[in-house]
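Q: Protein chains in written order, with the UniProt record's numbering: chain D, 1 to 167; chain G, 1 to 380. Quick one: structure below, then a few questions.
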Amino acid sequence: MVTTDEKGPLTAKKKSVIIRSCDGDEFLVSESAAVLSTSLKKILEEKEDRLIHLSDIDNKTLAMVIAYLSTHADDGLSDDLKRSFDQEFVSGKEFDVLKYLVLATDTLQVTCLCYTVAKKMADIMKNKLVEWVRREFDIQNDYTPEAEAEIRRLDAWAWDDRQLEDD
Amino acid sequence: MTIAYNDDLLTEILIWLPEKSLIRFKLVCKRWFSLISSHYFSHRHILHHHHRHSRSKPEPSLLLRLSEASDYFYLQFSKDGGKLVPYHFSPTLIEPTILSFSNGLFLLQCRNVEKPLEECHIYNPITKQSRKILLNTNERYRCVMGLNLAFDPSKSPHYKIICVRAIKRRSSRALWCRERLCQIEVYESETGTWKICGEPFWAPTDVDFNHGIYWKNGIHWDGDFFDLQDNFVGKHPEIVVPGDTRTENYYGNYVESYGYLHYIAHFPEKKSGESEEDSMLVLHEPGKVMAYKFQEKSGKEIIDFREEAFYQERCHVRCYFFDISVLLLLINQLEPLTEQQLLAINNLQQSSQQAEDALSQGMEALQQSLAETVAGSLGP
Numbered sequence: 001m002v003t004t005d006e007k008g009p010l011t012a013k014k015k016s017v018i019i020r021s022c023d024g025d026e027f028l029v030s031e032s033a034a035v036l037s038t039s040l041k042k043i044l045e046e047k048e049d050r051l052i053h054l055s056d057i058d059n060k061t062l063a064m065v066i067a068y069l070s071t072h073a074d075d076g077l078s079d080d081l082k083r084s085f086d087q088e089f090v091s092g093k094e095f096d097v098l099k100y101l102v103l104a105t106d107t108l109q110v111t112c113l114c115y116t117v118a119k120k121m122a123d124i125m126k127n128k129l130v131e132w133v134r135r136e137f138d139i140q141n142d143y144t145p146e147a148e149a150e151i152r153r154l155d156a157w158a159w160d161d162r163q164l165e166d167d
Numbered sequence: 001m002t003i004a005y006n007d008d009l010l011t012e013i014l015i016w017l018p019e020k021s022l023i024r025f026k027l028v029c030k031r032w033f034s035l036i037s038s039h040y041f042s043h044r045h046i047l048h049h050h051h052r053h054s055r056s057k058p059e060p061s062l063l064l065r066l067s068e069a070s071d072y073f074y075l076q077f078s079k080d081g082g083k084l085v086p087y088h089f090s091p092t093l094i095e096p097t098i099l100s101f102s103n104g105l106f107l108l109q110c111r112n113v114e115k116p117l118e119e120c121h122i123y124n125p126i127t128k129q130s131r132k133i134l135l136n137t138n139e140r141y142r143c144v145m146g147l148n149l150a151f152d153p154s155k156s157p158h159y160k161i162i163c164v165r166a167i168k169r170r171s172s173r174a175l176w177c178r179e180r181l182c183q184i185e186v187y188e189s190e191t192g193t194w195k196i197c198g199e200p201f202w203a204p205t206d207v208d209f210n211h212g213i214y215w216k217n218g219i220h221w222d223g224d225f226f227d228l229q230d231n232f233v234g235k236h237p238e239i240v241v242p243g244d245t246r247t248e249n250y251y252g253n254y255v256e257s258y259g260y261l262h263y264i265a266h267f268p269e270k271k272s273g274e275s276e277e278d279s280m281l282v283l284h285e286p287g288k289v290m291a292y293k294f295q296e297k298s299g300k301e302i303i304d305f306r307e308e309a310f311y312q313e314r315c316h317v318r319c320y321f322f323d324i325s326v327l328l329l330l331i332n333q334l335e336p337l338t339e340q341q342l343l344a345i346n347n348l349q350q351s352s353q354q355a356e357d358a359l360s361q362g363m364e365a366l367q368q369s370l371a372e373t374v375a376g377s378l379g380p
């Protein structure tokens, strides 16, 4: 049963939104799912536009985020089921994919997904070499070799290269 | 747009990492170094992990010191054995000595030979942050016999320092040669004040009131304990160590491990015992560290540093063998917190605290545990 709304004709349209990725793909999303993203919620409150263009999220990443939002907007699913969906959602995903995802959650402000993805990323990172981290995050080493050696020396206890991975 | 230069997003990811990884990742670049070293980050990390550690065990770590004057070493464990790496204290601390440790926090004394002991330092080995604490001035009980730390983050974010003081010996009467009149003072970090606790008591001059073990709301020294709840000094039941203790020398000391207090009698040529299954006892023997698994009743050598240069240097002084003090500690990231953060921690802990009625069992449990330990130390 549709609840009556003062704005009348808008009610039916409000039920879904079209989101367009940076590479042009369009996704039809229920409004209840879209508003789980704080950014999308704000856009929807400000404009009556039902088409939202996201200039920095590609279609592959957007499809994943929308799958997540739709699952979490589904009132028919128990919290336990949603939790196991979250586990499934990040398991086996490449670090590269997670990087795009975490950026998308930042843009769209989906706190709970950001939390899940960040945790998974940390899990992958924790036993990696510093060189691996620099590569993955595209960071230039801005230390001099001397400074690097000194930092390593002062915290030598935390370094055990035998257990660290580079792939 | 990248993650690496988005501090907020980076914080969300790094907050999940264990302390060791964070310390390594300071080396990624200068920006990461300042992010990870920042107060904001370390406070958020504490709050985050406080919550999680209540459910999972933190990684145990070991710091060793080979003799009074030597440096401290950190023992790295891995499948293919152990390795000792030097541990560097914060450079602001001059010649620190660990007087006591409790669940990841250290109580340090910085050497100052000329003056009597007037201050100590609370130290976090991970963040290397410390706080100086001035000792009380007690005109009557002037000598500091020992300083001990009591800290259990699962119960309270506050720590206590237990200071045993004694009256300076003034007379040559026989009683004063053998015993000293002592008084206990307790510092509470919550209020930042020292309080005189319990009644004065006589203690033999040879009792070591440093290196007390904090367990069940009490500090335990060899043979004696101080109950922090009811403020009294008591004696442990006598421990009968199996084996011929008249002809064989052994070293006894207490160790707390996952809620049990153990007495370890270490015969240099034999293995000693602890009663808990599925646990590992890490022992030091002259020149090496041994891990002893109770369930398998087998010992495994973790590290042999007899060949190491630092060990060789001191080999000619025999007594150093037995000066090796093994510090069992759980490394947590903890440091004095602000009021607001304390409140947040308290809120997190309220639910878990309700389940903690262990304290009510008090000294009965001690007695039982000691009995079990004695029974358990009959292993090979």
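Cβ atoms here follow ideal geometry from the backbone N, Cα and C, with glycine treated the same way.
Exposed or buried, PRO125(G), counting other C-beta atoms within 10 Å across all chains shown (16 or more means buried)?
A: buried
Q: Just reading off the beta strand (DSSP E) that LYS160(G) is part of, what are its end residues?
A: 159–166
Q: Taking all protein chains shown into account, do 16 or more other C-beta atoms lie within 10 angstroms of the C-beta of ASP24(D), making it buried, or fewer, making it exposed?
A: Sequence check: residue 24(D) is Gly here, not Asp. Label assigned to GLY24(D): exposed.
Q: Of all the CB atoms in chain D, is at least one closer than 7 Å to the CB of TRP215(G)?
A: no
Q: Taking the alpha helix (DSSP H) that ALA122(D) belongs to, which residues open and close that run?
A: 111–125
Q: Looking at chain G, is there any beta carbon in it that lies within less than 7 Å of the beta carbon of CYS22(D)?
A: Not closer than 7 Å to any Cβ of chain G, the Cβ of CYS22(D) fails to qualify, so no.
Q: Within 7 Å (strictly less), CB to CB, does SER351(G) reach chain D?
A: Below a pLDDT of 50, predicted positions are generally treated as unreliable, and SER351(G), at 32, falls in that range; the measurement from the model is reported next regardless. Not one chain D Cβ lies under 7 Å of SER351(G).
Q: Restricting to Cα atoms, I'd like to know which of LEU10(G), ASN6(G) and ARG24(G) is closest to TRP132(D).
A: ARG24(G)
Q: Could you give the DSSP three-state label for ILE324(G): helix, strand or coil?
A: Low local confidence applies: a pLDDT of 24 at ILE324(G) is under 50, so the model's placement there is unreliable, with the coordinate-based value given in what follows. Coil at ILE324(G), not helix or strand.
Q: Verify whether the separation of the beta carbon atoms of GLY218(G) and HIS236(G) is less than 7 Å.
A: no
Q: Excluding five sequence neighbours on each side, which residues of the same chain lie with their C-beta closer than 7 Å to the C-beta of VAL85(G)?
A: PHE73, TYR74 and GLN76
Q: Just to confirm my understanding: we take LEU9(G), look at its own chain, exclude 5 residues before and 5 after, and list those with CB closer than 6 Å. What are they?
A: ILE3
Q: If we define contact as Cβ-Cβ less than 7 Å, is GLN129(G) a contact residue for chain D?
A: No, GLN129(G) does not count as interfacial toward chain D.
Q: From the beta carbon of TRP132(D), is the nearest beta carbon of chain G less than 7 Å away?
A: no
Q: Does residue 386(G) come out as helix, strand or coil in the three-state DSSP assignment?
A: Absent from the model: residue 386(G). The displayed extent of chain G is 1 to 380, so no value can be given.
Q: Considering only their Cβ atoms, is the gap separating GLU185(G) from ILE167(G) smaller than 7 Å?
A: no
Q: State yes or no: is the C-beta of ILE15(G) within less than 7 Å of the C-beta of HIS45(G)?
A: It is a contact, given that the beta carbons lie within the stated cut-off.
Q: Given a cut-off of 7 Å on the beta-carbon distance, is the pair TYR87(G) and TRP157(D) in contact?
A: It is a contact, given that the beta carbons lie within the stated cut-off.
Q: By Cβ distance below 7 Å, which residues in the same chain neighbour ASN141(D) in space, the five residues on each side in sequence not counted?
A: So the list reads ARG134, once near-sequence residues are dropped.
Q: Can you tell me where the alpha helix (DSSP H) holding LYS60(D) begins and where it ends?
A: 59–73
Q: Assuming LYS20(G) is part of the alpha helix (DSSP H), what are its boundary residues?
A: 19–25
Q: Taking ALA104(D) as part of the alpha helix (DSSP H), name the residues at either end of that continuous run.
A: First-last of the alpha helix (DSSP H) with ALA104(D): 95–108.
Q: When Cβ atoms are compared, which residues of the segment 46–79 of chain D fall closer than 7 Å to chain G?
A: Residues of the segment 46–79 of chain D with a Cβ closer than 7 Å to any Cβ of chain G, in chain order: ASP56.
Q: Can you find a CB in chain D that lies within less than 7 Å of the CB of TRP16(G)?
A: Yes, because at least one Cβ of chain D sits closer than 7 Å to the Cβ of TRP16(G).
Q: What are the residues of the segment 86–104 of chain G that lie near chain D, defined by any Cβ-Cβ distance shorter than 9 Å?
A: Those would be PRO86, TYR87, HIS88 and PRO91, in chain order.
Q: Are the C-beta of residue 459(G) and some C-beta of chain D separated by less than 7 Å?
A: The question about residue 459(G) has no answer here: the residues shown for chain G are numbered 1 through 380.
Q: Among ILE43(D), LYS47(D), VAL97(D) and VAL130(D), whose alpha-carbon lies nearest the alpha-carbon of LEU62(D)?
A: Cα-wise, what sits closest to LEU62(D) is VAL97(D).
Q: State buried or exposed for GLY212(G), treating a residue as buried only when at least 16 other CB atoms are found within 10 Å of its CB.
A: buried
Q: Report yes or no: do three or more beta-carbon pairs, one from the segment 193–210 of chain G and one from the segment 134–153 of chain G, lie closer than 8 Å?
A: yes
Q: Go ahead and label LYS30(G) buried or exposed: buried means 16 or more other beta carbons lie within 10 angstroms of its beta carbon, across all protein chains shown.
A: exposed
Q: Is ASP79(D) helix, strand or coil when you go by DSSP?
A: helix
Q: Which residues does DSSP list as the beta-bridge partners of GLN163(D)?
A: Bridge partners of GLN163(D): none, in fact.
Q: Count the other C-beta atoms from every protein chain shown that fall within 10 angstroms of the C-beta of GLU19(G), then say buried if there are 16 or more, exposed otherwise.
A: Around the C-beta of GLU19(G), 16 or more other C-beta atoms lie within 10 Å, and the residue is accordingly described as buried.
Q: With a CB to CB cut of under 7 Å and the five nearest residues on each side skipped, what residues in its chain are close to VAL164(G)?
A: MET145, GLY146, CYS182, ILE184 and PHE209
Q: If you run the structure through DSSP and keep just helix, strand and coil, what is residue 195(D)?
A: Absent from the model: residue 195(D). The displayed extent of chain D is 1 to 167, so no value can be given.
Q: Should ILE229(G) go down as buried or exposed, given a rule of 16 or more other Cβ atoms within 10 Å for buried?
A: At residue 229(G) the sequence reads Gln, which differs from the Ile that was named. Burial call: exposed.
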